[in-house]
Amino acid sequence: GKVHYYDFVLKEANFTRLCSTKSMLTVNGSFPGPEIRVHKGDTAFVNVHNHGKYGITIHWHGVREPRNPWSDGPENITQCPIPPGTSFLQEIKFTTEEGTLWWHAHSDWSRASIHGAIIILPAIGTSYPYPKPHAEDTIVLASWFKGDVMAIIEEALATGGDPNTSDAFTINGQPGDLYNCSSNSTYRLMVDYGKRYLLRIINAVMNEEMFFGIANHSLTVVGMDAAYLKPIKNSYIMITPGQTMNVLVTADQEPSHYYMAGSPFADTTAPFDNTTTTAILQYRGNYTPPPSPFFPVLPAYNDKYAAMNFTARLRSLASRAHPVNVPKKIDKRIFITVSVNQIYCPNASCAGPNGNRLAASLNNISFQTPKIDILEAYYWSLPGVYNATFPDRPPYFFNFTGDVENISLAPCLDTAVKMIKYGAAVEIIFQGTNLGAPENHPMHQHGYSFYVVGMGWGNFDKKSDPKTYNLVDPPEVNTFGVPKNGWLTIRFIADNPGVWFQHCHLERHTTWGMDTVLIVKNGNTAVTRMRPPPHYMPPCH
Ligand code: C2O
Ligand code: CU
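Residue numbers -1, 1 to 540, in mature numbering (1 follows the signal peptide of the UniProt record, and there is no 0), belong to the letters of the sequence shown in order.
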């Protein structure tokens, strides 16, 4: 493969949206940030120069980084932050991924303004498993906050309440003309009648899963998280934060202006941004534009059936060239409850429900981010940084999806990680619970893609539910929603040694502790062991 070099300069820049201007941290002064474009088999070296005011890290979301967690990026999980005024060179090898991924900051809430697309074209000499599109475009969905995001999350943590919701969603950095002061800058995608386009859609939103559609045009989903799918035709997609979807659209409607729009899917009592971002699909040529563009029909914000109906149709392509390797026999089975909780808070300013502070947990453990990174502590055997005590099941079983709003199940605070043998066939069953505000949780795994073999509503039933598993063509992804009041089963082979973060990709849940770390141990041969660290890791204090 080819080697590509990029310089990412983290620096403040001024942006005006929704009639007000703010300074925010960006990569190279752009929002969204620069695109990385490679072929499968290539390597990218990205030199990250921090010209900002605080320490920061960058993560390559969905890239497996075989044997090389040193470049993965989550702050105090695989590295300490890059101090202001210094640089860190990261190596990103594209081995098996093909399609669309993205990169983002992985320190506090800085990813709101620091993210961009990663485009992985088929290896030289191979092609898409569908007819070549006429052109391609990238659609990045993101959140816009009028205030400073770092201050918003700091304030929420100080009071224990919910953080402010965003003020807008954006498409390629622009809110679109349903918002104040936004019509002139609305993003436009120009198309020619009769041609076919590949849209690479990325959900970089902070706290909401999104419905997305284009008026009058059907969407054909052909890939997700840099793996191919059997084509699915639908009028909308549901995409969680962290996910990417490759979608074919044919410009086969009467030449005109059509809205593409994104609005939240959030079936929850927790506060969320319920606004709609738009961009315009515009045909080239002469026609009388409508007074206002046609609008797509999107499901209601709380339509969990619309979300599930779409999600349940996702299937791997499972072709000769793109085979499925889902483990049939399991060596290690882990059952993880996923909850939002309240923690007793003696401080009078506690703004969470019942005067408690909000927290979140996996198996009733609310993850505490350590002061130095777990990867270096593991590699150099430094004691006192983490505990290898993450359990295989919750402390006790109850009716998880029944009416348990009032159960006072206070989570323990711990930096608990799970040790996994090299090469083990792993199954994880995520069980949503009705504690706190029940909602979907898009769980993300660093260092791996996994197969989604099953999902359903209610409590997982270990007798009947495994009979519904799809072991033939399950989708292969890096992020997937655990349905509200439901469960999700994933499988993968633990063949990538390293220290790999696992967390909900709703940013407020990550912050509250809906996280753990899988440490996959070394194998017995040189090529199944973690690589040694580069000598220039950012310093830890
Ligand atoms: Cu998109 Cu921990 O990552
Ligand atoms: Cu969550």
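Glycine residues also receive a C-beta, built at the ideal position from the N, C-alpha and C atoms. The structure presented is a predicted model; accordingly, all values stated were derived computationally and were not measured.
- Note on M189: under 16 other CB atoms within 10 angstroms of its CB, so exposed under the neighbour-count rule.
- Shown here for T267: same chain residues with a beta carbon closer than 6 Å to its own, the five before and five after excluded, namely A436 and E438 in chain order.
- Placement of the Cβ of P73 at a distance of less than 7 Å from at least one heavy atom of the ligand C2O is found.
- Following the DSSP letters along the chain, one finds K145 in no beta strand (DSSP E), marked with neither H nor E.
- Scanning its chain for C-beta atoms nearer than 7 Å, with the 5 sequence neighbours on each side dropped, one finds around T515 the residues L361, F366, F389, A415, V416, K417 and Q501, in chain order.
- Taking non-hydrogen atoms of the ligand CU into account, the C-beta of H443 is found less than 7 Å away from none of them.
- In terms of Cβ geometry, L247 and P128 do not form a close pair [threshold 8 Å].
- Close CB contacts of K1 within its chain, under the 6 Å cut and outside five residues either way in sequence, are with D41 (chain order).
- Excluding residues up to 5 positions away in sequence, T25, V26, I113, H114 and G115 lie with their Cβ nearer than 7 Å to the Cβ of G32 in the same chain.
- Y385 sits in coil when the DSSP states are folded into three classes, being neither helix nor strand.
- With a cut-off of 8 Å on Cβ pairs, the region 196 to 216 is in contact with the region 291 to 311, counting three or more such pairs.
- Your pair C18 and C180 checks out as a contact, with CB atoms roughly 4 Å apart and the cut at 8 Å.
- Only residues of its own chain outside the window of five on either side were considered, and among them F397, T432, N433 and L434 have a CB closer than 8 Å to the CB of V403, listed in chain order.
- By the criterion of a C-beta distance shorter than 6 Å, F449 is surrounded in its chain by I489 and F491, once the five residues flanking it on both sides are discounted.
- Contiguous alpha helix (DSSP H) elements confined to the region 262 to 326 occur at 303 to 310, taking only those with 4 or more residues.
- Here DSSP, grouped into helix, strand and coil, assigns H508 to helix.
- Nearest Cα to K303 within the set S291, L228, P263 and A320: P263.
- The region 466 to 482 and the region 512 to 532 do not touch, with fewer than three beta-carbon pairs separated by less than 8 Å.
- Fully enclosed beta strand (DSSP E) runs of no fewer than 3 residues occupy 208 to 213, 218 to 223, 226 to 233, 236 to 238, 243 to 249 and 256 to 264 of the region 206 to 268, in order along the chain.
- Between the ligand C2O and the CB of H105, the shortest heavy atom gap is smaller than 7 Å.
- For P289 and T249, the gap between their C-alpha atoms comes out near 20 Å.
- Between the C-alpha atoms of P130 and I57 there is a straight-line separation of about 34 Å.
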